[in-house]
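Working notes, beginning with the structure itself.
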Amino acid sequence: MELPAAAAEETQQLRSLRDFLLAYNRLTESCFQRCACDLGHRALSRREESCLDCCAGKLLRSNHRLMAAYVRLMPALLQRRLADQAPDPARDPGPSPPRAAAAAAGLPPE
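Just so we're aligned: 649 in the numbering used here is position 76 of the sequence shown, and the numbers increase by one with no gaps anywhere.
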């Protein structure tokens, strides 16, 4: 039984790595589009460097805030989803007693 748990753990780690790489690529692309003005030089200008620092910092802070909100709200969302999936006896009381008895006896419904 160790193998399936290890495979599930590896799959989860790969998903986490994929999510991280996607977020990193989005951050890189967004900040590059905003801040890289002059592609004629190897080094970044002070203006480009400052822009990239601000851009990356802003995106990282917003990502941290988003993740904190997700962690805070996720338990309530899961509970709501489980409650929605559970059968509600007030809405669906099931078959009436005479029909239940007829069904148990193998009689056709009325």
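Just so you know, even glycine gets a beta-carbon here, dropped at the ideal spot from N, CA and C.
I believe residue i touches residue j by the beta-carbon criterion, under 8 Å. Please report the beta-carbon distance rounded to the nearest angstrom.
i: Leu651; j: Ala629; result: Wrong, their Cβ atoms sit about 32 Å apart, outside the cutoff.
i: Ala609; j: Glu621; result: 6 Å
i: Ser618; j: Asp611; result: 7 Å
With the cut-off set at 8 Å, would you say residue i and residue j are in Cβ contact?
i: Arg638; j: Cys624; result: no
i: Ala581; j: Asn636; result: no
With a threshold of 16 other CB atoms inside 10 Å of the CB of residue i, please say whether the residue is buried or exposed.
i: Phe593; result: exposed
According to DSSP, is residue i helix, strand or coil?
i: Ala579; result: helix
i: Pro660; result: coil
i: His614; result: coil
i: Ala629; result: helix
i: Ala609; result: coil
Which residues in the same chain as residue i place their Cβ atom closer than 6 Å to its Cβ, once the five residues preceding and following it in sequence are excluded?
i: Gln585; result: none
Looking only at its own chain, which residues have a Cβ that is under 7 Å from the Cβ of residue i, when we skip the five neighbours before and after it?
i: Ala659; result: none
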